[in-house]
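I have placed the structure first, in the form of structure tokens, so that the comments after it can refer back to it.
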Amino acid sequence: MPEPRIVYNEGYLDEQTKRVIRRALLKAIAVPGFQVPFASREVPMPRGWGTGGVQVTAAVIGQSDTLKVIDQGADDTTNAVSIRQFFEKVAGSRPTTRTDLATVIQTRHRIPETPLVEGQIMVYQVPIPEPLRFLEPRETETRRLHALEEYGLMYVKLYEDISRYGHIAKTYDYPVLVGGRYVMAPSPIPSFDNPKLHQSPAMHLFGAGREKRIYAVPAYTDVESLGFEDFPFEPQRFETPCEVCGAEGVYLDEIVMDDRGAVMYACSDTDHCERRVAERGPARPAENKEVRA
Amino acid sequence: MTATSTDHRPDAAATLPVGAILSVQDVDKTFTLHLQGRQRIPVLAGLTFDVPRGSCVVLGGESGAGKSTVMKMVYGSYGAGRGRILLDRGTAERPGAVLDLATAQPREVLAARRETMGYVSQFLRAVPRVPALDVVAEPLVERGTARETAREKAGEMLERLSIPERLWTLPPATFSGGEQQRVNIARGFLAERPLLLLDEPTASLDARNRAVVIDLIRERLDRGVGMLAIFHDHDVRDAVSDAIVDVRAFTPGGAA
Amino acid sequence: MSGSLPLLSVANAGHAYGATFGCRGVDFDLWPGEVLAIVGESGSGKSTLLGMLSQRLSVDEGEIRYRQGKELVDLTALSERDVRRLWRTEWGFVHQHAVDGLRMHVSAGGNIGEPLMANGARHFGDIRRQAEEWLARVEIPLDRIDDAPATFSGGMRQRLQIARNLVFGPRLVFMDEPTSGLDVSVQARLLDLIRSLVADLGLSVIIVTHDLAVARLISHRTLVMKDGAVIESGLTDRVLDDPQAAYTQLLVSSILQG
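Chains as they are written, first to last, in our numbering: chain A, 1 to 293; chain B, 1001 to 1256; chain C, 2001 to 2258.
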């Protein structure tokens, strides 16, 4: 095979850039939930496709790492596969689909079902890092609000939901209070996953490439989802088990089966589902609800 | 810096005569009409009189002599050029408190109007949309009376002045001149204050209502209220006045 | 009354735009329960004065002190955090245009509830109940509680602004021409509302207006401004009935007689 025409630095980004990002990460870890601005670089994918997550991963990954990449819980989507292969090539990391074997997990929009352990790093792809953005469009003002701990506006949004729908309607990117100080957008993970952040043994790093912000939740940090005294936060609940592996209390994807509206519900976390089936066989037909027409 | 300061010469301690609720001492008033070439119009000079408690002092003199000006200076709507306008603001807690209305701070004048001085003017200036009953009850409510009690008393007063109940919930701006006058009177007489200023209170009233007003005045005088009044109507004046101060005696004209 | 402190004490205060002073040499004290009108024509400096008093513009000369507890505190010595807290807990500001003082796409209830939530209210039922009380007080129909002010008329928007500014029980409310641009009958209704709220709540109000009738209707005292200076001040009825300064006489005589 001919020599490659381009030789990449380890992790694709140059060393100076990695230092920039690591400094931002250190600040972020020192002040949990605080959005640290950073000089976001070009990576080989357009903005909006996870460039923030990729930059954070590039700054922390090494040859000794095992990398899992998921996209809404699945390891096998095009983008997840691309990113995993990219890092295999530029960082020499070992790829895996198994949550329990990964040292670094880059994710879009889900936290895996398998509980995380100390030493693991979750890297989140973040579209809009500012939880107040849609209420207060001015960056100058939102920075002030965070600095002065003035979060009334966030509660206005929750109030509006309850007035309009009778309950808090936000089911993803549900705002959280980190370490009792900063209100943070946990990226568009379903609110179902929010409780996993609280006192987690793993480290959670958030990268927004287009918006140029990095923030973090270090291990064993309090993360509380916002709510009212009489309308507290309630994570989504799934009443039925996965129709493939039978797991209960997991986040389910709705899968359209045919043109007549038949659907089935299966684990969004493909790794979790596959391993369960491998261990105990597929869900017994009796465990399934009828395929809904 | 406030631009206009009226010339108040410092005096030796001014005193309020015993038994007087109001003492006007050596007051001058000149209007300067800047828009008419800074024309100065002296209206009063050396105005001096007292209003003893329980008596009704009437300002006399023909139209234009300055009677309304005197009334407005006492009430604070006009500034005084020189001299003192002393009001007895003494209470059980603050005996001997005297306010010089000529030099008083706006909030002191406002407090005096609320607690010590009532004013029945010729024209009813009422806030739009407020029902007549509440217009009348306002002075009592301002002084802390519960609104419902104040309204009851207001109703009694309006009844006495022959304002039918069906009008009580309407804003007085829609009333006839005589009806507005009676609302004014009701408001002025409802809360009892030691000094009452009456500026032509019976001008638009018929004989029967004039008689009611005379009764009201007498009742108050008997209770020790002092009054300063302008009456166009000779009958009323003769019925209630204890003294007449002819304002023409204080018109600056000829030698000072 | 003597021996007690004013709520706001302004001494020789002025604000400069570059080399020119927008207003200068302003002196007055404001006491609890007083309504002070600042009147003048365009360019008189009245809006500059209001901006300076409310700390939106810098105090470039003189001093503005505000009573906190038993002391008068120099406002310029306060940190931004403290000034912002004042805005949430003790001061209100009613803008001339409701769009500047409301969140136009948040519901009426949310607009009124926001100051409460900003001050730590975390019980939805309570917040909503207080919003309902205030809507009733400013005569906005209760069934509009979930509608956004973008759908309200001008008069209703101003009334909502007032509710939002009073719900947290401020001591001092600044108003910048709150009735201009509204129909006459709507103005009357709004002023009447302000009057009764001031009386009921014992508020102090500083209201800027070019309309002397507004000043007469709701204020106890009036400052008349021209070219950045206060040229006359006193009891409102005294200033309007017996104006001493030439300019005040001109203003008063210019009121259109209906």
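Cβ coordinates follow ideal geometry from the N, Cα and C atoms, glycine included. This one's a predicted model, so the numbers in the text were calculated from it and none came from an experiment.
Tell me, to the nearest whole angstrom, how far the beta carbon of B:G1096 is from that of B:P1052; I am working on the premise that it is less than 8 Å.
-> The Cβ separation is near 17 Å, so there is no contact.
Should the stretch 203–211 of chain A be regarded as contacting the stretch 250–266 of chain A, the criterion being three or more beta carbon pairs within less than 8 Å?
-> no
Report the neighbours of C:S2004 on chain B: residues whose CB is nearer than 9 Å to its CB, in chain order.
-> Ordered by position in chain B, no residue passes the 9 Å Cβ test against C:S2004, which lies about 11 Å from the chain.
First and last residue of the uninterrupted alpha helix (DSSP H) at A:K196 | Run containing A:K196: none; DSSP gives neither H nor E here.
Could you tell me whether any Cβ in chain A is nearer than 8 Å to the Cβ of C:F2124?
-> yes
On the three-state DSSP scale, how would you describe B:W1168?
-> coil
Closer than 8 Å by C-beta to A:F86: which residues in its own chain qualify, once you throw out the five before and the five after it? Chain order, please.
-> Y12, P44, V54
Segment contact, 8 Å Cβ cut-off, at least three pairs: the stretch 2015–2027 of chain C with the stretch 2044–2055 of chain C | yes
Cα separation between A:H198 and A:D222?
-> 5 Å
Indicate the three-state DSSP secondary structure (helix, strand or coil) for C:H2015 in the structure shown.
-> strand
Run through the stretch 2022–2077 of chain C for me and flag every whole beta strand (DSSP E) of 3 or more residues, listed as ranges in chain order.
-> 2035–2039, 2061–2068, 2071–2074
Under 8 Å between C-beta atoms of C:V2106 and C:A2148 = yes
Please report the residue range of the beta strand (DSSP E) in which A:K68 lies.
-> 66–71
Check whether B:L1216 and B:F1189 have beta carbons under 8 Å apart = yes
Report the option in B:L1205, B:L1047, B:A1173, B:G1144 whose CA atom is closest to the CA atom of B:V1247.
-> Of the listed residues, the one whose Cα sits closest to B:V1247 is B:L1047.
Count the other CB atoms, across all protein chains shown, that sit within 10 Å of the CB of C:A2131; report buried if there are 16 or more and exposed otherwise.
-> buried
Inter-residue Cα distance where the pair is B:A1091 and C:H2210 = Note that residue 1091 of chain B is Thr in the sequence shown, not Ala. The alpha-carbon atoms of B:T1091 and C:H2210 are separated by roughly 40 Å.
Which residues bound the alpha helix (DSSP H) around C:I2218?
-> 2212–2218
Where C:D2074 and A:A169 are concerned, what is the direct C-alpha to C-alpha distance, given to the nearest angstrom?
-> 45 Å
Between A:R108 and A:D71, is the Cβ-Cβ spacing less than 8 Å?
-> yes
Proximity below 8 Å, CB of A:V117 to CB of A:P201 | yes
Could you check how far apart the C-beta atoms of A:F233 and C:R2122 are, in whole angstroms? I think they sit under 8 Å.
-> In fact, because the Cβ distance is near 12 Å, the residues do not count as touching under 8 Å.
Since B:I1214 is in the alpha helix (DSSP H), which residue starts that stretch and which ends it?
-> 1207–1222
Can you tell me which of the three DSSP states A:G180 falls into?
-> coil
Buried or exposed (CB count within 10 angstroms, at least 16 for buried), B:R1223 = B:R1223 should be labelled exposed.
Could you give the residue range of the beta strand (DSSP E) that holds A:E255?
-> Here residue 255 of chain A turns out to be Ile, not Glu, going by the sequence shown. Segment 252–256, the beta strand (DSSP E) holding A:I255.
Excluding the five sequence neighbours on either side, which residues of its own chain have a C-beta within less than 8 Å of the C-beta of A:L153, listed in chain order?
-> Once the five neighbours on either side are set aside, the close Cβ partners of A:L153 are L132, L135, E136, L145.
Minimum C-alpha distance to A:A102 - residue among A:G92, A:V90, A:M122 | A:M122
Residue range of the alpha helix (DSSP H) that includes B:V1141 | 1132–1142
How would you call B:P1164, buried or exposed, if buried means at least 16 neighbouring beta carbons within 10 angstroms?
-> exposed
Looking at the structure shown, is C:W2091 part of a helix, part of a strand, or coil, going by DSSP?
-> strand
Which of helix, strand or coil does DSSP assign to A:K157?
-> helix
Boundaries (first-last residue) of the beta strand (DSSP E) holding B:P1106 = It is not in any beta strand (DSSP E) - B:P1106 instead sits in the alpha helix (DSSP H) that spans 1106–1115.
Beta bridge counterpart(s) of C:M2117 as assigned by DSSP | None; C:M2117 has no bridge partner.
Tell me, which residues are paired with A:P218 by DSSP?
-> In DSSP, A:P218 forms no bridge with anything.
Residues near B:K1072 in its chain [Cβ-Cβ closer than 7 Å; skip 5 each side] = Y1078
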